[in-house]
Amino acid sequence: MSAYQNYIDFFAQKIQEYQAKNLKIFASSSFQTHSIPMLHLISRIDKSIPIYFLNTGYHFPETMAFRDEVAEALGIEIRDLSSPIPKIAQRDSENIMMFASNPDYCCYLNKTLPMETVLAEFDVWISGVRKDQNLNRSKFAYEAQGAHNTLRFHPMLDWTNKMIYDYIKEHKLPKHPLEEQGGYVSIGCEPCTKRVEWLAAESERTGRWFGLNKTECGLHTDLVK
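Anchor point for the sequence shown: position 13 equals -1 in the working numbering, and the numbering is continuous, going up by one each time.
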């Protein structure tokens, strides 16, 4: 019996419960290496569950290529989600791009705002957040009430970083090409991601918004009650 079987069974059971209640389900993914076990499990449980990718327009080219590679390998449906506010309008009063002058508002425009349209359409949001990623997420439960009366489901919550990488190795799953190069602990938008060695990393989110008192984009703060 696989060391992960209890987690797989739990994940599948919850999906069946939601479907028995005719709830509309979707998942989201940032397509980092640590995202892949959840996507692999979804592909084994129900490939028809759509996976939303917040295409901010600022991602590394390697992330976009990795997204397509994973979608083809797992046979899952990826739906791009973009901000309704065009990039030319995402500037402050001094004509500086928001990611440079106000990263919180940039995240709102490119992540929180477009995600709200999806939440208004679905009943259950599957997210791969884990307790060991940061202090905010350490307080999460497997299920939580989200915005727009959406139920948030966190099936990977008690997985550790070691479990994630052991699972990837066991199932021979791909890794993000930038992580393979080394130095990228967490990979987000290119302007707000810094290369940091693992030994210097305080947490898995080290390297995102480096030097700022910021560890979340808003999806897991503003969109959870």
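From the three backbone atoms N, C-alpha and C, an ideal C-beta is built for every residue, glycine too. Keep in mind that this is a model prediction, so the values were computed, not measured.
- Per DSSP, D66 is one residue of the beta strand (DSSP E) stretching across I64 to L67.
- Closest in C-alpha terms to I112, from the list N(-8), A(-11), V210 and Q(-9), comes V210.
- For T146, same chain residues with a beta-carbon under 6 Å away, outside a window of 5 residues either side, are D118 in chain order.
- Taking 8 Å as the cut-off, the beta carbon of S69 is found no closer than this to the beta carbon of L105.
- P89 and D78 have their C-alpha atoms roughly 11 Å apart.
- Around the beta carbon of G174, 16 or more other beta carbons lie within 10 angstroms, which makes this residue buried.
- Using a Cβ distance threshold of 8 Å, Y153 and P36 do not count as a contacting pair.
- In summary, L121 is exposed, with fewer than 16 beta-carbon neighbours lying within 10 Å of its beta-carbon over all protein chains present.
- Cβ contact annotation for M101 (same chain, cutoff 8 Å, sequence separation greater than five): S14, Y38, L40, L67, L205 and L209, in chain order.
- Using a Cβ distance threshold of 8 Å, H26 and H140 do not count as a contacting pair.
- Q131 counts as exposed, since fewer than 16 other beta carbons sit within 10 angstroms of its beta carbon.
- Going by DSSP, A51 is part of the alpha helix (DSSP H) stretching over P47 to L60.
- Look at V210 here: in three-state DSSP terms it is strand.
- With contacts defined by Cβ atoms closer than 8 Å, I(-6) and D32 do not form a contacting pair.
- Taking R116 as the centre and dropping the five residues before and after it, the same chain places the C-beta of R123, M142, L143 and W145 closer than 7 Å to its C-beta, in chain order.
- The continuous stretches of alpha helix (DSSP H) do not include R138, which lies in the beta strand (DSSP E) extending over residues L137 to F139.
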